[in-house]
Each structure stands twice: as structure tokens, then as C-alpha cells.
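First the structure, in the form of C-alpha cells, and then the observations on it.
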Amino acid sequence: MNKVLKLGLIAGLLITVLVLAGGCAGLLGTPAEGEEASSGSIWPMLIFLVVIFGMFYFVMIRPQRKRQKEQQTMMAALQKGDKVITAGGIYVLLGQNVDSYGRDLPGKPDLADLLAELNNIDGLTRLRFLTNHPKDMSRKLIEAIAGLDKVCEQINLPVQAGSDEILKAMKRGYTVEQYLKLVGQIREKIPVVAISTDVIVGFPGETAEQFGRTLNLLSTVKFDTVHVAAYSPRAGTAAARELEDDVPTDEKKERLNKIEQLQERVQAEINARLLGKSVEILVEGRNKGKWYGRTRTDKLVFFSSGGDYTGQIVKVKIDKTSPWSLQGKIA
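Numbering follows my numbering, with no gaps: position 110 of the sequence shown is 348.
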């Protein structure tokens with residue numbers, strides 16, 4: 239066993255412990271009612287790790303150019319993983335840009351093709367993937383999400399900023415108009431979709447006006463979840479080499495807080511629409527006497543009931559909502 243694989247397995251086991259203990263909601267224990275678990279999903283933090291354990295199977299999709307052999311053997315590994323998938327099984331495909339899968343393989347299969355293959359695996363009930371890049375998300379992939387019954391209607395689509403000038407400085411490769419057009423195409427094809435995004439505030443050169451455009455975009459799109467972070471230089475990146483970190487720390491914190499406050503209102507509005515409705519959840523665990531699990535759109539749901547529901551898919555009628563979670567009773 240080579241060193242990279244050993245490290246991957248060790249990291250995978252550590253993440254598995256956190257997943258089982260945290261119910262896929264956070265890195266510090268099981269989610270509590272009303273805590274910010276829905277907006278703090280651990281999926282974005284599991285990039286480049288492999289886990290084959292219980293009902294989760296995380297698959298590594300590496301960003302390096304020299305990955306042809308890895309990608310050729312990926313399907314074989316996934317098929318082998320079929321043997322450990324049980325009822326309630328999940329596959330989560332993770333990578334810096336999963337949309338680029340297959341471009342250097344013979345025949346150039348893409349992520350949509352891979353999802354179609356995985357959709358045929360017996361015992362698999364849910365399939366998720368991230369992270370997408372807006373410039374690489376194809377209509378074919380959108381149609382695959384809409385048409386494959388095991389692929390969850392949840393898309394992570396990082397926008398990073400609402401200003402064309404900042405997007406250009408970030409070298410993102412798309413404009414705000416192009417991003418909004420893509421969101422429109424996704425929602426038209428998948429009306430029930432939940433879209434999450436990532437935002438960086440205080441990127442070098444970001445003015446108050448440019449930040450205001452980011453707020454306007456978030457208000458317009460109304461994402462189900464927003465992961466926001468303040469910019470900090472990272473060694474080895476073009477931004478750190480070429481751009482001055484000129485936005486004061488206090489200003490970064492203020493901008494971050496404004497987004498969090500806005501998003502709390504948006505999530506309260508979105509979740510309130512589910513009041514009185516029955517939702518299907520995959521039960522992940524139990525905390526403080528209540529079972530919890532997630533919908534196909536990654537909403538955190540709590541319910542009280544006897545018995546053991548771990549790994550089961552159940553319907554829950556929602557009788558209480560908050561920005562971060564839902565509560566209800568077995569329907």
C-alpha cells in the first residue's frame with residue numbers, strides 16, 4: 239500500500255468517525271435543534287478524501303492533469319464499492335471541480351455519464367456531488383440531475399462575488415450575467431432544486447459598491463445555503479503574489495456579518511414554505527432524544543419517534559421551521 243493511499247485511508251477513517259458522530263451536519267458533534275447545521279454542511283470540507291464505510295462512500299477526483307489512470311480505474315472502484323452499499327447507501331463525489339471529470343480520458347466521458355452509471359447501482363438510494371464550477375456546468379449535466387432518480391436535487395454552485403470586476407480579478411471565467419443565466423436554466427429544468435453557493439468578501443480591491451452588488455445578487459437569487467468567508471492571502475496563489483490585501487480586517491468582518499444576516503432571513507423564508515408539508519428524509523442519527531436526517535435537498539429535519547430509524551428513508555410532516563432546521567412528526 240503506497241503512502242498516499244495510506245494517508246487517504248487514515249484521513250477517511252477520521253472523517254468517517256466525524257460523519258457518524260456528527261450526522262453529516264458539522265465537525266463538532268451531532269446537530270442541535272436550531273443550530274446552523276443546514277448552512278454548515280461538512281461536504282465542502284471532505285475534498286480529496288476516500289471513505290468506504292457504512293452507508294457513505296466518498297470518492298476522490300483529483301485536480302492534477304496526470305490523472306488518466308486514476309479516472310480509468312474509478313469506475314472499477316465504484317463498482318467494487320457496490321458490494322458495501324446497503325439500503326440507505328449514499329455516494330458523494332468530491333473534487334475541486336467535479337464538472338471536469340473525464341476530459342482526459344479516451345472517448346471523453348463526462349460527469350453526466352458517470353452519474354448515469356452510478357444511478358444503476360443496486361442498494362444506492364442517494365447520489366450527491368460537489369464542487370461545481372459555473373463555467374463548466376453543462377446542460378447535459380443539468381438534465382442528468384433532473385432525470386436520474388438517485389441524484390439529489392441539490393447543486394453547489396460557487397459564485398464567489400457579485401461584481402464582474404472582482405470575478406475578473408479572481409479569474410473565475412464568467413460574468414454575473416452568465417451566472418444568473420445558468421441559475422435560471424437550472425431552476426427551469428429542476429424546479430425543486432436547492433442551490434448553495436460560496437462567497438468571498440474582502441477580496442483585494444473590493445470596494446463597498448462592489449460588495450453591495452454581491453448582496454444584491456444574494457437577495458435576488460435567494461440561495462438555500464451560502465458559505466461565506468473573508469479573504470486571506472494563501473501562499474503560492476496568484477492573488478497572494480500579485481494583489482495587495484488592502485481591505486481592512488474589520489471591514490471584512492462587517493461584510494461577512496451582513497451576508498450572514500441576509501442569508502438567515504432568506505433561509506427562514508425558504509424553510510417556512512415547507513411548513514405543513516411532508517418531506518422524505520434519510521435518517522442519519524439521534525441526538526437529545528430526537529432522530530435527525532436530511533432531505534434530498536439537504537434540509538436538516540428532526541423528529542421524535544421510538545424504534546431505530548438509522549439509515550432508513552422516512553416521511554416527516556413539518557410542523558416547525560427555522561432558518562437552520564425543520565421539525566416534524568412521522569407522516
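In this text, a Cβ means the ideal position worked out from N, Cα and C, and glycines have one as well.
To the nearest angstrom, report how far apart residue i and residue j are at their CA atoms.
| i | j | result |
| --- | --- | --- |
| S560 | D342 | 45 Å |
| A407 | G422 | 25 Å |
| K427 | R511 | 20 Å |
| I328 | A446 | 42 Å |
| G549 | R364 | 11 Å |
| I404 | E444 | 7 Å |
| I497 | P344 | 44 Å |
| R425 | E489 | 34 Å |
| L386 | N357 | 7 Å |
| Q448 | P442 | 11 Å |
| A473 | K491 | 22 Å |
| G527 | E480 | 53 Å |
My understanding is that residue i touches residue j, with C-beta atoms under 8 Å, so please give their C-beta distance in whole angstroms.
| i | j | result |
| --- | --- | --- |
| V554 | G566 | 4 Å |
| A468 | G440 | 5 Å |
| L420 | L368 | Incorrect: roughly 16 Å between the Cβ atoms, too far for contact. |
| K388 | L362 | 6 Å |
| Y547 | W562 | Their Cβ separation, rounded to whole angstroms, is 21 Å, which puts Y547 and W562 out of contact at 8 Å. |
| R366 | V330 | 5 Å |
| V430 | E391 | 5 Å |
Is there a C-beta anywhere in chain D that falls below 8 Å from the one on residue i?
| i | result |
| --- | --- |
| V539 | In the structure shown, chain D cannot be found, because there is only a single protein chain. |
I want to check one thing, is the minimum distance from the CB of residue i to the heavy atoms of the ligand NAP below 7 Å?
| i | result |
| --- | --- |
| I380 | Questions concerning the ligand NAP fall outside what the structure shown contains, since it holds no ligand whatsoever. |
Residue i: buried (16+ other C-beta within 10 angstroms of its C-beta) or exposed?
| i | result |
| --- | --- |
| Q505 | buried |
| V336 | buried |
| L513 | exposed |
| G544 | exposed |
| T487 | exposed |
| N495 | exposed |
| N570 | No answer is possible for residue 570: it lies beyond the span of the chain, which begins at 239 and ends at 569. |
| V297 | Bear in mind that a pLDDT of 42 at V297, under 50, signals an unreliable position, so the model cannot answer this. |
Along the chain, which unbroken stretches of the beta strand (DSSP E) at least 3 residues long are found entirely within the region 527-568?
-> Those beta strand (DSSP E) runs which fall completely within the region 527-568 and span 3+ residues are 528-533, 538-541, 551-559, 564-568.
Is the region 373-381 in contact with the region 403-421, if contact means three or more CB pairs nearer than 8 Å?
-> By the Cβ test, the region 373-381 is in contact with the region 403-421, since at least three Cβ pairs between them sit closer than 8 Å.
The region 431-440 / the region 390-397 touching (three or more Cβ pairs under 8 Å) | Because the criterion of three Cβ pairs below 8 Å is met, the region 431-440 and the region 390-397 touch.
Is the number of C-beta pairs between the region 508-523 and the region 534-544 that are closer than 8 Å three or more?
-> The region 508-523 makes contact with the region 534-544, as at least three CB pairs between them are under 8 Å.
Do three or more CB pairs link the region 494-509 to the region 449-462 at distances below 8 Å?
-> Taking a cut-off of 8 Å for Cβ pairs, the region 494-509 and the region 449-462 touch, as three or more such pairs fall below it.
Give, in chain order, every unbroken run of the beta strand (DSSP E) that is at least 3 residues long and sits entirely within the region 324-392.
-> Within the region 324-392, the complete beta strand (DSSP E) segments of 3 residues or longer fall at 327-332, 362-368, listed in chain order.
Every unbroken beta strand (DSSP E) within the region 416-476, with a cutoff of 3 residues, ordered by chain = Runs of the beta strand (DSSP E) lying entirely within the region 416-476 and spanning at least 3 residues, in chain order: 432-439, 463-468.
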